[in-house]
Amino acid sequence: MATVIELPIEVYQGPVDPDWCPGCGDFGVLKALKLAAGRLGIQPKDLVVVSGIGCSSNLPGFIHAYGVHSLHGRAVAVAEGIKLANHDLHVVVTGGDGDGYGIGIGHFIHAMRRNIDITYIVMNNQIYGLTTGQASPTTMKEVRTKSTPRGNAELPINPIALALVSGATYVARGFSGEPDHLASLIAGGIAHRGFALVDVFSPCVTYNKVNTYPWFKQRVYKLEEDATHDPSNPLAALEKAFEWGDRIPIGLFYRDTQPTYEDSEPALKNGPLVRQPLGVSKELFDRLLEEFL
Amino acid sequence: MREITIGIGGAAGDGLDKTGDTLAKTAARLGLYVSAYNSYQSVIRGGHIWLRVRLAEEKVYSQGDHLNVLIALNQDSIERHAPEVEPGGAIIYNSDKLHLDPSLIGDNILPAPMPVAALTKPFGKVQPVMQNTVALGALLYLIGLDFETAANVLADTFRHKGQAVIDQNVGIARAGYDYAREHFVPLGYQWTFTHVRRPFITGNEAFSFGAVVAGCRFYSAYPMTPASSILHWLAAHAEQCGIVVKQCEDELAVINMAIGAGYAGVRAMCGTSGGGFALMTEAVGQAGMIEAPVVIIEVQRGGPSTGVPTKTEQGDLNQVFGASQGDYPRVIIAPTDTTDCFYSVIEAFNLAEKYQLPVILISDLYLSEHPETIEPDALTHAVAIERGEIVTEWPAGNGRYKRYAFTRSGVSPRALPGTEGTLHTAATDDHDEYGILISDVYTSPPVRRKIHEKRMRKLEAVLRDLPPPTLEGPEEADVTLIGWGSTKGVIREAVRRLEADGIRANHLQIKYLFPFHAREVSEILRRSRKTICIEGNYSGQFARHLRAETGISVDDHIRKYDCEPFEPRYIVEQVKAILEGRPRTLELSREEAREVAYHYIRTQLTEDLRPGQIQRLDANGFDEPVWEIEIITRQSGERRGHLLIGAETGSTYLWQPVS
Ligand SMILES: Cc1ncc(C[n+]2csc(CCOP(=O)(O)OP(=O)(O)O)c2C)c(N)n1
Ligand code: SF4
Numbered sequence: 014m015a016t017v018i019e020l021p022i023e024v025y026q027g028p029v030d031p032d033w034c035p036g037c038g039d040f041g042v043l044k045a046l047k048l049a050a051g052r053l054g055i056q057p058k059d060l061v062v063v064s065g066i067g068c069s070s071n072l073p074g075f076i077h078a079y080g081v082h083s084l085h086g087r088a089v090a091v092a093e094g095i096k097l098a099n100h101d102l103h104v105v106v107t108g109g110d111g112d113g114y115g116i117g118i119g120h121f122i123h124a125m126r127r128n129i130d131i132t133y134i135v136m137n138n139q140i141y142g143l144t145t146g147q148a149s150p151t152t153m154k155e156v157r158t159k160s161t162p163r164g165n166a167e168l169p170i171n172p173i174a175l176a177l178v179s180g181a182t183y184v185a186r187g188f189s190g191e192p193d194h195l196a197s198l199i200a201g202g203i204a205h206r207g208f209a210l211v212d213v214f215s216p217c218v219t220y221n222k223v224n225t226y227p228w229f230k231q232r233v234y235k236l237e238e239d240a241t242h243d244p245s246n247p248l249a250a251l252e253k254a255f256e257w258g259d260r261i262p263i264g265l266f267y268r269d270t271q272p273t274y275e276d277s278e279p280a281l282k283n284g285p286l287v288r289q290p291l292g293v294s295k296e297l298f299d300r301l302l303e304e305f306l
Numbered sequence: 235m236r237e238i239t240i241g242i243g244g245a246a247g248d249g250l251d252k253t254g255d256t257l258a259k260t261a262a263r264l265g266l267y268v269s270a271y272n273s274y275q276s277v278i279r280g281g282h283i284w285l286r287v288r289l290a291e292e293k294v295y296s297q298g299d300h301l302n303v304l305i306a307l308n309q310d311s312i313e314r315h316a317p318e319v320e321p322g323g324a325i326i327y328n329s330d331k332l333h334l335d336p337s338l339i340g341d342n343i344l345p346a347p348m349p350v351a352a353l354t355k356p357f358g359k360v361q362p363v364m365q366n367t368v369a370l371g372a373l374l375y376l377i378g379l380d381f382e383t384a385a386n387v388l389a390d391t392f393r394h395k396g397q398a399v400i401d402q403n404v405g406i407a408r409a410g411y412d413y414a415r416e417h418f419v420p421l422g423y424q425w426t427f428t429h430v431r432r433p434f435i436t437g438n439e440a441f442s443f444g445a446v447v448a449g450c451r452f453y454s455a456y457p458m459t460p461a462s463s464i465l466h467w468l469a470a471h472a473e474q475c476g477i478v479v480k481q482c483e484d485e486l487a488v489i490n491m492a493i494g495a496g497y498a499g500v501r502a503m504c505g506t507s508g509g510g511f512a513l514m515t516e517a518v519g520q521a522g523m524i525e526a527p528v529v530i531i532e533v534q535r536g537g538p539s540t541g542v543p544t545k546t547e548q549g550d551l552n553q554v555f556g557a558s559q560g561d562y563p564r565v566i567i568a569p570t571d572t573t574d575c576f577y578s579v580i581e582a583f584n585l586a587e588k589y590q591l592p593v594i595l596i597s598d599l600y601l602s603e604h605p606e607t608i609e610p611d612a613l614t615h616a617v618a619i620e621r622g623e624i625v626t627e628w629p630a631g632n633g634r635y636k637r638y639a640f641t642r643s644g645v646s647p648r649a650l651p652g653t654e655g656t657l658h659t660a661a662t663d664d665h666d667e668y669g670i671l672i673s674d675v676y677t678s679p680p681v682r683r684k685i686h687e688k689r690m691r692k693l694e695a696v697l698r699d700l701p702p703p704t705l706e707g708p709e710e711a712d713v714t715l716i717g718w719g720s721t722k723g724v725i726r727e728a729v730r731r732l733e734a735d736g737i738r739a740n741h742l743q744i745k746y747l748f749p750f751h752a753r754e755v756s757e758i759l760r761r762s763r764k765t766i767c768i769e770g771n772y773s774g775q776f777a778r779h780l781r782a783e784t785g786i787s788v789d790d791h792i793r794k795y796d797c798e799p800f801e802p803r804y805i806v807e808q809v810k811a812i813l814e815g816r817p818r819t820l821e822l823s824r825e826e827a828r829e830v831a832y833h834y835i836r837t838q839l840t841e842d843l844r845p846g847q848i849q850r851l852d853a854n855g856f857d858e859p860v861w862e863i864e865i866i867t868r869q870s871g872e873r874r875g876h877l878l879i880g881a882e883t884g885s886t887y888l889w890q891p892v893s
């Protein structure tokens, strides 16, 4: 194995400063992503950060790497296309809970089924930030928001449990208030071969007055500190996924080694598609034409 | 020119397509030209499937509009199609099961009953579909096709099933052939066989093959008729051709994946039909905005909504034009024939990459699914591949790379991820030259104006790259027929027939719908004496586009929206009516009234009935003229009642059984 030459965080300094509200949890995620990439020694040119639409989805503009700032809910699909076109690239998707668990949930589930090698970081603030504070798929029941003035009537999605039953092979949860711990989870996800979900509690200080930094600080504990937790056991992970209330676990829930989608794709055997020559040989052309005769 | 049209009718599951395929391939190998059309339905078993195979010594441009020989695989098909068989023709059917009522056929038509059970007996227990093979054998004899060639086709078709199956099929076909030779007089077709081997191919196969030749490396799709056969062909050849073929969870994923792949630097394509395209539309604009090349094939079927899934229409033009909010550069091409499908896809990839934009190929079920023979050298692997400007290195002295650099052409040299020194974000929010958003914090009206102009400017260069349409036929003509996309062949054929009838017509077929050659088209049409726009939709979507682009309102229209393809005779009749100033009516014709009666019988009565005598009544108390249709028993012809159908509304007003 090649020795990893770590890169300082400044290498990923983006062209513009984030436009997030002061104190927004997303700052911690951005920093953690840069730290993680640096620890893995990933050259900016080999990193593609793909996002959808939302406050959090603005992240690719704030990091020195390739980026695609795509459509609301479609980032995972775009990322899959990029990965299949050039599987030498590190492809990281960043976005919000509305983007990923609302409008984009179909792509999310199917990408996990495929175990395609991308890392998906969801900045889960349990609210729609950019559209100024409506309920999101992870807003807790009964919470009042602009769109649920009488209290949210729906159950929140459990992204960790959903990922576990959908085939994700790396399932973790971090907290913006713990950027170093978060960086190690993200680094683990990028280094992992297969689909990695890193759900991050990333408080929206402007619109979510319930799930605040203090709210999380009081509750979160690290799975790594729980000696009984075995991240190779899916059922134990599922049990942890349902822990919610006074104590909420963060850390690595589950990790498993499985073949990736790219492994099963014959067209990728000779290296990335993007490096395959275009056009067909006369011989192949004739063989294909013969089938029509 | 000698030609013949053979119709094969039966239910889904009767195996018509295999029979049609063997017939078509046999004729093609003998050097005849073939054009076929399968009028099928969204059922796996049952229903009415009607396959028409037209063979000729010269190129034919449509599936035609007449019937010389009918192979009926069920009673329904005999009754529905026997009256269409032209004098000198024949009707081949399994006389063990079906019967041909002599009142259904005109003079000089050969009934060719085949005792299928007796003929297949020597071959042991055989599948019911073997009646097709018996019929095929008889047909070969009746129309003078070479048996050995057909035997070779059967051998190729069943090779993978082993010699026993080949022997059985060839033996049964031979039995049919021999029986016909002993019992019937052949129909007198004397062909000149050139034995020139021509590819027999559909539009979707041509799209797929063209994509391979163009270097497509990524194809994504979600199954939807009539685009699915692109997915099937490419999936079957993916490994051999080094293509990733991805069936996605929905059309949203389909196009977004293709855009991701295109952005990352491979030639990427996706395909769908109208409903799927509706889901894709937001992303089409995204490709325009982030300037990612992508090719989209939209194969129209009857719409709106889920519509008529297995039938053809040209009704999605408005949708394709309307795809996505805002203005953005894109190219819309409507391939005009099977060979053109192959080259259009190659051209689409070149345009998509050169100009970094989405290119939409708009086809339809007819063009995409009907097979025909094309010239042996029509397709070539030696095509130009133009990728446009791609930045492969960016020395430090160049300054910061601008992904969306403002250039005179509107094209900014593209860098692919992984290239040192060219880092940027491709943003679907509007952005500046570097890709930095101008939608929020750094909002800048002049920057927005300039980037928008930069993007839209590409269209000027695209238009210069595209050849303008040309007029076919004499400059001086009584009438100019205008069509777009798939109708080229049938209009061309109609023009020839008009000529034969002493009407001078010329023909303008439009392939490049957007950007549009407004000046050239205007010049042509301003010289025309009378213009008629022909299209397969209700509202004249193309005529509207033409008016918007040129200010020219065509003089008249021929439109069809029953979801069956145009036939030359229909166009000829309509053109004559227009030129003679005869009123054209939307009333149900006699044949259509009969079809409505069939529909009523199927859905409301019992399968042992069929329509008999039909007459039109003017006054009857229903507020409109009606067709009175006798309903009789299939077996005995006994009258069972009558059905009254409104001639204007098509309403099935009354079913009156004989009491
Ligand atoms: C198709 C579509 N629907 C709606 C929107 C409007 N929209 C933009 S961001 C957003 C939600 C953002 O919430 P989330 O994904 O949780 O991100 P956050 O802003 O909280 O980080 C919505 C609904 C859109 N851009 N596109
Ligand atoms: S609105 Fe909320 S999510 Fe958006 S930037 Fe502000 S704090 Fe962050």
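Chains as they are written, first to last, in the numbering used here: chain A, 14 to 306; chain B, 235 to 893.
Don't be surprised by glycine CBs; every beta carbon is placed ideally from N, CA and C.
Here the structure is a predicted model, which is why all the values come from computation and not from measurement.
Quiz item: Quick one: does the C-beta of VAL218(A) sit closer than 7 Å to a heavy atom of ligand 2?
Solution: In the first sequence, the residue the question calls residue 218(A) occupies position 205. Checking the 7 Å criterion, the Cβ of VAL218(A) is within range of a heavy atom belonging to ligand 2.
Quiz prompt | Chain-ordered chain A contacts of LEU301(B) [CB-CB under 9 Å] | solution = As a working note, residue 301(B) is residue 67 in the second sequence. Within chain A, no residue comes near LEU301(B); the closest Cβ sits about 27 Å away, beyond 9 Å.
Quiz prompt | Cβ-based burial, ILE624(B) [other Cβ within 10 Å; buried from 16] | solution = Stepping through the second sequence from its first residue, residue 624(B) is reached at position 390. A residue is called buried when at least 16 other Cβ atoms come within 10 angstroms of its Cβ; ILE624(B) does not meet this threshold and is exposed.
Quiz item: At which residues does the alpha helix (DSSP H) containing PHE576(B) begin and terminate?
Solution: For the purposes of this step, residue 576(B) is taken as the residue at position 342 of the second sequence. Boundaries of the alpha helix (DSSP H) around PHE576(B): 572–589.
Quiz item: What are the start and end residues of each continuous alpha helix (DSSP H) run of 4 or more residues lying completely inside the stretch 649–704 of chain B, in chain order?
Solution: Runs of the alpha helix (DSSP H) spanning 4 or more residues and lying entirely within the stretch 649–704 of chain B occur at 679–699, in chain order.
Quiz prompt | Contact with chain B by ALA286(A), beta-carbon distance below 8 Å | solution = On the first sequence, residue 286(A) is found 273 positions in, with the first residue counted as 1. Note on identity: in this sequence residue 286(A) is Leu, with Ala being the wrong assignment. Answer yes: the Cβ-Cβ gap between LEU286(A) and chain B drops below 8 Å somewhere.
Practice problem: Kindly list the residues whose CB is nearer than 7 Å to the CB of LYS47(A), restricted to its own chain and excluding five residues on each side of it in sequence; keep chain order. | Solution: Here residue 47(A) corresponds to residue number 34 of the first sequence, with the count starting at 1. Excluding sequence positions up to five before and after LYS47(A), its CB lies within less than 7 Å of the CB of ILE22, TYR25, ILE76, all in the same chain and listed in chain order.
Quiz item: So what's THR182(A) in DSSP terms, helix, strand or just coil?
Solution: Indexing the first sequence from 1 puts residue 182(A) at position 169. DSSP places THR182(A) in the coil class of the three-state scheme, outside both helix and strand.
Self-check item: Cβ contact (3+ pairs, closer than 8 Å) linking the stretch 355–370 of chain B and the stretch 402–418 of chain B
Solution: The stretch 402–418 of chain B and the stretch 355–370 of chain B touch, with three or more beta-carbon pairs separated by less than 8 Å.
Quiz item: Less than 7 Å between the CB of GLU516(B) and some heavy atom of ligand 1, yes or no?
Solution: In the second sequence, the residue the question calls residue 516(B) occupies position 282. Yes, since a heavy atom of ligand 1 falls inside the 7 Å radius drawn around the Cβ of GLU516(B).
Quiz prompt | Burial state of GLN775(B), where buried means 16 or more other Cβ atoms lie within 10 Å | solution = Within the second sequence, numbered from 1, the residue matching residue 775(B) stands at position 541. Buried: at least 16 other Cβ atoms inside 10 Å.
Quiz prompt | Contact set between GLY94(A) and chain B, taken where Cβ atoms lie within less than 8 Å | solution = By 1-based counting over the first sequence, the position of residue 94(A) is 81. Result: PHE452, SER454, ASN490, MET491, ALA492, ILE493, GLY494, ALA495, GLY496, TYR497, ALA498, ALA502.
Practice problem: Measure the CB-CB distance between ASN342(B) and ILE238(B) and report whether it falls below 8 Å. | Solution: In the second sequence, the residue the question calls residue 342(B) occupies position 108. In the second sequence, the residue the question calls residue 238(B) occupies position 4. Going by C-beta atoms, ASN342(B) is not nearer than 8 Å to ILE238(B).
Practice problem: Check whether the Cβ of LEU143(A) sits closer than 7 Å to any heavy atom of ligand 2, and report yes or no. | Solution: To locate residue 143(A), count along the first sequence from 1; it is residue 130. Checking every heavy atom of ligand 2 against the Cβ of LEU143(A), one is found closer than 7 Å.
Quiz item: Which one of LEU759(B), ASP674(B), VAL809(B) has the shortest CA to CA distance from GLU706(B)?
Solution: As a first step, residue 706(B) must be located in the second sequence, where it is residue number 472. When only C-alpha atoms are compared, the closest one is LEU759(B).
Exercise. Entirely within the stretch 204–276 of chain A and at least 4 residues each: give me those alpha helix (DSSP H) ranges in chain order.
Key: Counting only runs of 4 or more residues that sit fully inside the stretch 204–276 of chain A, the alpha helix (DSSP H) segments are 226–232, 247–254, in chain order.
Self-check item: Contacts that PRO433(B) makes with chain A (C-beta to C-beta distance below 8 Å)
Solution: To locate residue 433(B), count along the second sequence from 1; it is residue 199. What PRO433(B) touches in chain A: LEU302, PHE305, LEU306.
Self-check item: ARG501(B) classed as buried or exposed, judged by whether at least 16 other C-beta atoms fall within 10 angstroms
Solution: Residue numbering aside, residue 501(B) sits at position 267 when the second sequence is read from its first letter. Classification of ARG501(B): buried, given that the 10 Å Cβ count is 16 or more.
Quiz prompt | Nearest neighbour of ARG288(B), chosen from ARG393(B), HIS282(B), ASP299(B) [CA to CA] | solution = Working through the second sequence from its first residue, we reach residue 288(B) at position 54. Nearest of ARG393(B), HIS282(B), ASP299(B) to ARG288(B), Cα basis: ASP299(B).
Quiz prompt | Near-chain E residues of the stretch 515–541 of chain B - C-beta to any C-beta below 8 Å | solution = No chain E is part of this structure, whose protein chains are labelled A and B.
Exercise. Alpha carbon to alpha carbon, how far is LYS293(B) from THR714(B)? Give it in angstroms, no decimals.
Key: Sequence index remark: in the second sequence, residue 714(B) carries index 480 (1-based). Sequence index remark: in the second sequence, residue 293(B) carries index 59 (1-based). Roughly 23 Å between the two C-alpha positions.
Quiz item: DSSP on VAL755(B), reduced to helix/strand/coil?
Solution: Taking the first residue of the second sequence as 1, we reach residue 755(B) at position 521. Reduced to three states, the DSSP call for VAL755(B) is helix.
Quiz item: Is any heavy atom of ligand 1 found at a distance shorter than 7 Å from the C-beta of GLY111(A)?
Solution: In the first sequence, the residue the question calls residue 111(A) occupies position 98. Answer for GLY111(A): yes, Cβ within range of ligand 1.
Practice problem: Starting from CYS232(B), follow its DSSP beta bridges and name the residues at the other end. | Solution: Because chain B in this structure spans residues 235 to 893, residue 232(B) falls outside the shown range and cannot be described.
Practice problem: Look up ASN272(B) in the DSSP assignment and give the residues it is bridged to. | Solution: Counting from one through the second sequence, the residue named residue 272(B) turns up at place 38. According to DSSP, which records beta bridges pairwise, ASN272(B) is partnered with LEU285(B).
Quiz item: How would you write the range of the alpha helix (DSSP H) that TYR114(A) sits in, first residue to last?
Solution: The residue you call residue 114(A) lines up with position 101 of the first sequence. Bounds of any alpha helix (DSSP H) do not take in TYR114(A), whose DSSP letter is neither H nor E.
Practice problem: Give me the Cβ distance between VAL617(B) and ILE580(B), rounded to the nearest whole Å; I'm assuming they're in contact under 8 Å. | Solution: Reading the second sequence from its first residue, position 383 is the one you call residue 617(B). Reading the second sequence from its first residue, position 346 is the one you call residue 580(B). Sure, about 5 Å apart at Cβ, within 8 Å.
Quiz prompt | Sequence-distant residues of its chain with Cβ nearer than 6 Å to ALA351(B) (five each side left out) | solution = As a first step, residue 351(B) is located in the second sequence; it is residue number 117 there, counting from the start. If we look at ALA351(B) and ignore the five residues flanking it on each side, its Cβ neighbours are ASP330.
Quiz item: Given 8 Å as the limit, is there contact between the stretch 113–120 of chain A and the stretch 69–88 of chain A, that is, 3 or more CB pairs closer than that?
Solution: Contact holds: three or more Cβ-Cβ distances are below 8 Å.
Quiz item: Which residues, in chain order, does the stretch 32–57 of chain A contribute to contact with chain B at a C-beta distance below 9 Å?
Solution: Cβ contacts with chain B: ASP32, GLN56, PRO57.
Exercise. Please state if the CB of GLY723(B) and the CB of ASP574(B) are separated by a distance shorter than 8 Å.
Key: Here residue 574(B) refers to the residue found at position 340 when the second sequence is read from its first residue. Here residue 723(B) refers to the residue found at position 489 when the second sequence is read from its first residue. No, the Cβ-Cβ distance between ASP574(B) and GLY723(B) is not below 8 Å.
Quiz prompt | Candidates LYS96(A), SER64(A), ARG260(A), THR182(A): closest to ALA661(B) by CA position | solution = Counted from its first residue, the second sequence places residue 661(B) at position 427. Comparing Cα-Cα distances from ALA661(B) to each of LYS96(A), SER64(A), ARG260(A), THR182(A), the minimum goes to SER64(A).
Quiz item: Enumerated in chain order, which unbroken segments of the beta strand (DSSP E) with a length of 3 residues or greater are wholly contained in the stretch 90–151 of chain A?
Solution: When DSSP assignments are scanned along the stretch 90–151 of chain A, the uninterrupted stretches of beta strand (DSSP E) that are 3 or more residues long and fall wholly within it turn out to be 103–109, 132–137.
Quiz item: Which residues mark the beginning and the end of the alpha helix (DSSP H) in which LEU388(B) is found?
Solution: Within the second sequence, the letter at position 154 stands for residue 388(B). Taken as a continuous stretch (DSSP letters only), the alpha helix (DSSP H) holding LEU388(B) covers 381–392.
Exercise. May I ask which residues mark the beginning and end of the alpha helix (DSSP H) holding TRP889(B)?
Key: Translated into the one-based positions of the second sequence, residue 889(B) becomes position 655. Element bounds for TRP889(B): not the alpha helix (DSSP H) but the beta strand (DSSP E), 886–891.
Quiz item: Among SER277(A), ARG288(A), LYS44(A), which one has its Cα closest to the Cα of HIS194(A)?
Solution: The sequence position of residue 194(A) within the first sequence is 181, counting from 1. Checking every option, the nearest Cα to that of HIS194(A) belongs to LYS44(A).
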